[in-house]
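Here the structure is laid out as structure tokens; the discussion comes afterwards.
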Amino acid sequence: MIISASRRTDIPAYYADWFCNRIKAGYVLVRNPMNFRQVSRITLSAEEIDAIVFWTKNPQPLIERLGELSQYMYYFQFTLTPYGRDIEPNLPQKPQVLQTFKRLAEEIGPERVLWRYDPILLNEKYSQEYHIHAFGKIAEELRNHTKKVTISFIDANYRGVKSNIKTLALQDFPQENKLKLSAQLAKIAHENKLEISACAEEMDLQPLGITRARCIDDRLLSKLLNQQMPTNKDKNQRQECGCITAADIGAYNTCRTNCRYCYANYNSSAIDGNINNPESPLLIGDINEDDKISERRKR
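Taking this note's numbering, the leading residue of the sequence shown gets 208, the next gets one more, and so forth.
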């Protein structure tokens, strides 16, 4: 089984203690986001977990505890964008995040820290020229600390995004302009010896040298684990998503970075009320008498 930690929230940044406690306990409980009373019990036993994929913008709290994961294979999807606190209000300053990226790569190797430059959005401040300059600057900094970069363009129709972006005054971004910008980013990535892919994009960018991303990637895991991983597309993701199946252990409306483009925080009033108990098997709250707990089937 592969664990996704997590598309729904930033576990390394905000819930590292809870996660390490669940590793010690050997299991985690996860509520079904579509059915609150339905709870899955998911094993975290090192003998039964093939790998863990972390999604984060600031893994600093977890870096100090990587020794507790020595029995596991894992890699990081690390989002590093050029946006300021007008869009990513609760992140450390970007030079600090950049140093965290480099430190993590030095700890576990550049092939296990994948750079995400997404989502790409346009407004008066963040123009196409701004992105070209910023992407080039970050790529030069990270060229020896990662092997790959994944890009994507903001999808305003994605659940939760439409309400979150109202204050951003986004500009139109026609496909022709996306293709031109993608070509520029691909050129910069290749100049810095980085493979570049696009996450869940309908456009075919392969003629530009941009492959279709598999963020939870059977090919990378096969290489890291030195064994062939099954290619079983995750049916719970968008049609354009290339990820293989994984068990996500996060919860929506719990990420305290509060990025203005976020799809996982779609209920702002719920975020402050969602309190984490590091000792609980659930990320948020505790088990109730009428909860139905079932074992997540291992693949």
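Even for Gly, the Cβ is constructed at its ideal location relative to N, Cα and C.
These numbers were taken from a predicted model, which means no experiment stands behind them.
Asked: So, for Cys-227: in the same chain, excluding its five sequence neighbours on each side, which residues have a beta-carbon less than 6 Å away from its beta-carbon?; Found: Arg-272, Glu-275
Asked: Pull up the distance between the alpha-carbon of Ile-218 and that of Leu-236, whole angstroms please.; Found: 15 Å
Asked: How should Pro-381 be labelled, buried or exposed, when 16 other C-beta atoms within 10 angstroms of its C-beta is the threshold for buried?; Found: exposed
Asked: Assuming Gln-284 contacts Phe-261 under a Cβ cut-off of 8 Å, what Cβ separation, rounded to an integer in Å, is found between them?; Found: 7 Å
Asked: What three-state label does DSSP hand Asp-325 in the structure shown?; Found: strand
Asked: Tell me whether the beta-carbon of Val-320 lies closer than 8 Å to the beta-carbon of His-340.; Found: no
Asked: Under 8 Å: do the stretch 418-429 and the stretch 450-465 share three or more Cβ pairs, one atom per stretch?; Found: yes
Asked: What are the boundary residues of the beta strand (DSSP E) that Leu-236 is part of?; Found: 234-239
Asked: Quick check: Ala-393 and Ser-359, are their CB atoms within less than 8 Å of each other?; Found: no
Asked: Output the boundary residues of the alpha helix (DSSP H) element that contains Ile-339.; Found: 335-349
Asked: Going by beta-carbon coordinates alone, are Leu-328 and Tyr-468 separated by less than 8 Å?; Found: yes
Asked: Which whole-angstrom value describes the C-beta separation of Ile-210 and Ile-456, a residue pair presumed to lie in contact below a C-beta threshold of 8 Å?; Found: 6 Å
Asked: With DSSP collapsed to three states, give me the class of Asn-242.; Found: strand
Asked: Please state if the CB of Ile-478 and the CB of Ile-491 are separated by a distance shorter than 8 Å.; Found: no
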